[in-house]
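Beneath this line is the structure, given in structure tokens, with notes to follow.
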Amino acid sequence: MRAIIGKGLVLLLITLTQVSILPRLPLGNLQPDLFLIAACCWGLISGSRIGLGSGFAAGLLQDLYGTGSNIFIKPAIGYLSGRFEGKIYKESIAFPPMIVFGASLFSGIITYLVHEEFLFNLSFGYAMWEIIIPGGIVNAAVAIGGYPLLFWLERKMEERPGGVYR
Amino acid sequence: MRRYKLQYWHLGILAIVLVLLVSWGANYLEISIPRPFNFLHTVTAPLHRSVTWVGGRIGNIRSFFTEYRDFHEDRRYYETRIAELERELRISNEVYLENERLRDLLNFEQRVNFVTLGARVIGFGSDTWGHTLIISRGRRDGLLPRQPVITGNGYLVGQVEEVYSNTARVTMLTNPGFVVGGIVQRQDSRALGMARGVPLEEGLYLMDNFSWDADVRIDDIIITSGMSEFFPKGLAIGTVKTLEIGDYGLTQRAGIEPFIYGCTIEEVLIILGKWGEEE
Numbered sequence: 001m002r003a004i005i006g007k008g009l010v011l012l013l014i015t016l017t018q019v020s021i022l023p024r025l026p027l028g029n030l031q032p033d034l035f036l037i038a039a040c041c042w043g044l045i046s047g048s049r050i051g052l053g054s055g056f057a058a059g060l061l062q063d064l065y066g067t068g069s070n071i072f073i074k075p076a077i078g079y080l081s082g083r084f085e086g087k088i089y090k091e092s093i094a095f096p097p098m099i100v101f102g103a104s105l106f107s108g109i110i111t112y113l114v115h116e117e118f119l120f121n122l123s124f125g126y127a128m129w130e131i132i133i134p135g136g137i138v139n140a141a142v143a144i145g146g147y148p149l150l151f152w153l154e155r156k157m158e159e160r161p162g163g164v165y166r
Numbered sequence: 167m168r169r170y171k172l173q174y175w176h177l178g179i180l181a182i183v184l185v186l187l188v189s190w191g192a193n194y195l196e197i198s199i200p201r202p203f204n205f206l207h208t209v210t211a212p213l214h215r216s217v218t219w220v221g222g223r224i225g226n227i228r229s230f231f232t233e234y235r236d237f238h239e240d241r242r243y244y245e246t247r248i249a250e251l252e253r254e255l256r257i258s259n260e261v262y263l264e265n266e267r268l269r270d271l272l273n274f275e276q277r278v279n280f281v282t283l284g285a286r287v288i289g290f291g292s293d294t295w296g297h298t299l300i301i302s303r304g305r306r307d308g309l310l311p312r313q314p315v316i317t318g319n320g321y322l323v324g325q326v327e328e329v330y331s332n333t334a335r336v337t338m339l340t341n342p343g344f345v346v347g348g349i350v351q352r353q354d355s356r357a358l359g360m361a362r363g364v365p366l367e368e369g370l371y372l373m374d375n376f377s378w379d380a381d382v383r384i385d386d387i388i389i390t391s392g393m394s395e396f397f398p399k400g401l402a403i404g405t406v407k408t409l410e411i412g413d414y415g416l417t418q419r420a421g422i423e424p425f426i427y428g429c430t431i432e433e434v435l436i437i438l439g440k441w442g443e444e445e
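Going down the list, the sequences are from chains A and B. Read left to right, the first sequence gives residues 1 to 166 (the working numbering). Read left to right, the second sequence gives residues 167 to 445 (the working numbering).
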């Protein structure tokens with residue numbers, strides 16, 4: 001229960017940051033997708049099931065202010081990232097950014113394909129080189145700091161009074 | 167036979183499929199249903215307002231310290247500028263009065279003054295694709311979908327896309343799906359085209375469907391043509407920066423720099439009235 005409440009609070013904080021703070025910074029198209037990073041990292045830390053659930057919650061919140069396709073992209077990202085759980089050292093800081101970069105490409109390409117206003121108005125090359133790849137690089141860079149932070153929070157939330165992890 | 171065991175992730179997938187089916191079904195049948203998370207939007211809006219308010223206060227304090235030294239220089243500049251503008255205003259008033267007299271003589275229809283409603287920008291789209299704004303007015307304030315949104319000085323910002331109880335989502339003119347009819351604001355041209363939110367290069371957006379012989383020049387100002395039922399005539403869109411031949415010589419295409427490009431939009435005006443009325 002603590003983990004669920006904790007994730008909820010983190011998602012609320014991410015929503016506020018993504019919608020109210022990041023767009024006011026002079027970043028242009030280079031805004032990190034914090035929802036994607038969170039869904040991806042939670043999948044890597046806690047597995048497919050948690051990745052799917054947290055991805056669904058992240059996608060739902062993001063679609064309040066977004067394009068409308070995140071509600072199925074983010075759970076898929078959480079689930080697929082969760083497939084790597086147990087295959088990597090959770091303390092690794094090199095691998096998660098690579099997964100986040102791959103997830104960003106996946107998310108960007110699916111977003112491009114399912115929205116007709118993007119598919120018919122933007123060339124695929126423009127979308128890749130101006131939006132998807134730069135976005136992926138920024139997401140990966142943010143994940144370098146974001147993954148250890150979420151990992152630390154997850155450990156804190158799972159700690160029992162006797163100091164035993166779940 | 168192996169007994170089926172319900173797992174959490176099965177429920178998750180079922181929930182996603184249901185939401186998608188309802189959403190796509192409603193879209194396909196063009197049924198207007200309340201989106202399942204409209205209430206969440208209403209619940210989170212005060213939080214966004216709070217963050218925006220705190221951010222604004224912090225920005226004001228920082229500005230006070232960083233910009234104080236420029237104040238005196240700015241003051242001298244603005245005093246001179248105000249004097250110039252007052253002179254131009256007097257001339258403009260003369261032209262306006264003359265215009266009114268000529269309109270009366272020709273029995274032209276009076277231009278309608280827009281009924282506008284001010285709103286604060288409390289949030290932005292959560293991704294870099296959509297170019298949307300969240301504003302602090304909603305259904306309770308009389309907003310309707312498709313109403314035009316402008317800045318205080320008349321620059322076109324976009325169009326209301328979705329209206330919630332206390333907030334609304336605005337599609338900006340830099341959204342790839344946005345289209346509006348535009349006209350060159352030059353007495354000897356008045357060429358018509360379609361301004362779109364399709365990006366060409368950094369800061370430039372497509373305006374196409376100019377006729378092959380249209381008189382369009384670099385630095386021409388583009389305003390809304392008023393041909394659409396949703397946008398009144400005369401809202402400033404942007405400035406022509408590039409020109410090229412399109413459609414094998416049958417049309418011309420321009421790259422326009424929207425006036426709102428690169429601006430931080432904090433307040434907007436929504437034009438209420440017949441343009442937003444639903445059929």
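All C-beta atoms, glycine included, are put in the ideal place defined by N, C-alpha and C. Computed from a predicted structure; not experimentally measured.
What number of angstroms, rounded off, separates the C-alpha of residue i from the C-alpha of residue j?
| i | j | result |
| --- | --- | --- |
| Gly167 (chain A) | Val10 (chain A) | With chain A covering only 1 through 166, there is no way to say anything about residue 167 (chain A). |
| Glu180 (chain B) | Phe72 (chain A) | Correcting the residue type first, residue 180 (chain B) is Leu in the shown sequence and not Glu. C-alpha separation (whole angstroms): 11 Å. |
| Tyr174 (chain B) | Ile131 (chain A) | 34 Å |
| Leu150 (chain A) | Trp129 (chain A) | 29 Å |
| Asp386 (chain B) | Phe280 (chain B) | 25 Å |
| Ile349 (chain B) | Gly369 (chain B) | 20 Å |
| Met157 (chain A) | Gly6 (chain A) | 7 Å |
| Asp240 (chain B) | Leu255 (chain B) | 21 Å |
| Glu266 (chain B) | Ser258 (chain B) | 12 Å |
| Leu36 (chain A) | Leu61 (chain A) | 12 Å |
| Leu177 (chain B) | Leu184 (chain B) | 10 Å |
| Ser123 (chain A) | His115 (chain A) | 13 Å |
| Leu13 (chain A) | Ala58 (chain A) | 11 Å |
| Arg155 (chain A) | Gly82 (chain A) | 17 Å |
| Ser46 (chain A) | Leu30 (chain A) | 28 Å |
| Met98 (chain A) | Phe106 (chain A) | 12 Å |
| Ile93 (chain A) | Ile133 (chain A) | 21 Å |
| Thr15 (chain A) | Arg24 (chain A) | 14 Å |
| Gly412 (chain B) | Arg215 (chain B) | 45 Å |
| Ile224 (chain B) | Glu432 (chain B) | 15 Å |
| Leu401 (chain B) | Arg269 (chain B) | 21 Å |
| Met360 (chain B) | Ala140 (chain A) | 38 Å |
| Val434 (chain B) | Leu309 (chain B) | 13 Å |
| Gly415 (chain B) | Asp379 (chain B) | 10 Å |
| Ser69 (chain A) | Glu264 (chain B) | 54 Å |
| Thr408 (chain B) | Thr246 (chain B) | 33 Å |
| Glu260 (chain B) | Val142 (chain A) | 58 Å |
| Tyr244 (chain B) | Leu113 (chain A) | 50 Å |
If we count the other Cβ atoms within 10 Å of its Cβ and call it buried at 16 or more, is residue i buried or exposed?
| i | result |
| --- | --- |
| Cys429 (chain B) | exposed |
| Ile426 (chain B) | buried |
| Phe120 (chain A) | exposed |
| Tyr79 (chain A) | buried |
| Thr294 (chain B) | buried |
| Gly284 (chain B) | exposed |
| Arg446 (chain B) | Residue 446 (chain B) lies beyond the range of chain B shown here (167 to 445); nothing can be said about it. |
| Gln18 (chain A) | buried |
| Asp33 (chain A) | buried |
| Gly163 (chain A) | Caution is warranted here: a pLDDT of 48 is assigned to Gly163 (chain A), below 50, making its placement in the model unreliable, and the coordinate value is therefore given only provisionally. Exposed, since its Cβ has fewer than 16 Cβ neighbours within 10 Å. |
| Pro26 (chain A) | exposed |
| Gly404 (chain B) | buried |
| Asn319 (chain B) | exposed |
| Arg306 (chain B) | exposed |
| Gly304 (chain B) | buried |
Name the one or two DSSP bridge partners that residue i has.
| i | result |
| --- | --- |
| Gly284 (chain B) | B:Leu435 |
| Leu322 (chain B) | B:Ile316 |
| Phe290 (chain B) | B:Leu299 |
| Glu328 (chain B) | B:Arg335 |
| Gly145 (chain A) | Answer is none; Gly145 (chain A) lacks a bridge partner. |
| Ile349 (chain B) | B:Leu358 and B:Ile389 |
Worksheet item: Is it a yes or a no for the segment 41-52 of chain A touching the segment 240-258 of chain B, going by three-plus beta-carbon pairs under 8 Å?
Response: no
Fill in: Within the segment 10-89 of chain A, ranges of the alpha helix (DSSP H) (whole runs, at least 4 residues)
34-46, 48-63 and 70-82
Worksheet item: Which ranges would you report for the beta strand (DSSP E) in the segment 360-437 of chain B if only whole runs of at least 3 residues count?
Response: DSSP runs (the beta strand (DSSP E)) wholly in the segment 360-437 of chain B: 370-377, 387-390, 402-412 and 417-424.
Practice prompt. Take every Cβ of the segment 315-326 of chain B, pair it with every Cβ of the segment 410-426 of chain B, and state whether three or more of those distances are shorter than 8 Å.
Written response: yes
Practice prompt. Check whether the segment 34-49 of chain A touches the segment 97-107 of chain A, counting contact only when three or more Cβ pairs, one atom from each stretch, lie closer than 8 Å.
Written response: yes
Fill in: Three or more C-beta pairs below 8 Å linking the segment 370-382 of chain B and the segment 415-422 of chain B
With the rule of 3 Cβ pairs closer than 8 Å, the segment 370-382 of chain B counts as touching the segment 415-422 of chain B.
Worksheet item: Does the segment 57-72 of chain A come within contact of the segment 290-304 of chain B, defined as at least 3 CB pairs closer than 8 Å?
Response: yes
Discussion item. Below 8 Å, how does it come out for the segment 393-405 of chain B and the segment 338-354 of chain B: are there three or more Cβ pairs, yes or no?
Written reply: yes
Discussion item. For the pair the segment 309-317 of chain B and the segment 396-403 of chain B, tell me if three or more CB-CB distances fall below 8 Å.
Written reply: yes
Discussion item. To test your reading of the DSSP string, which unbroken alpha helix (DSSP H) runs of 4 or more residues are found completely within the segment 114-143 of chain A?
Written reply: 116-119
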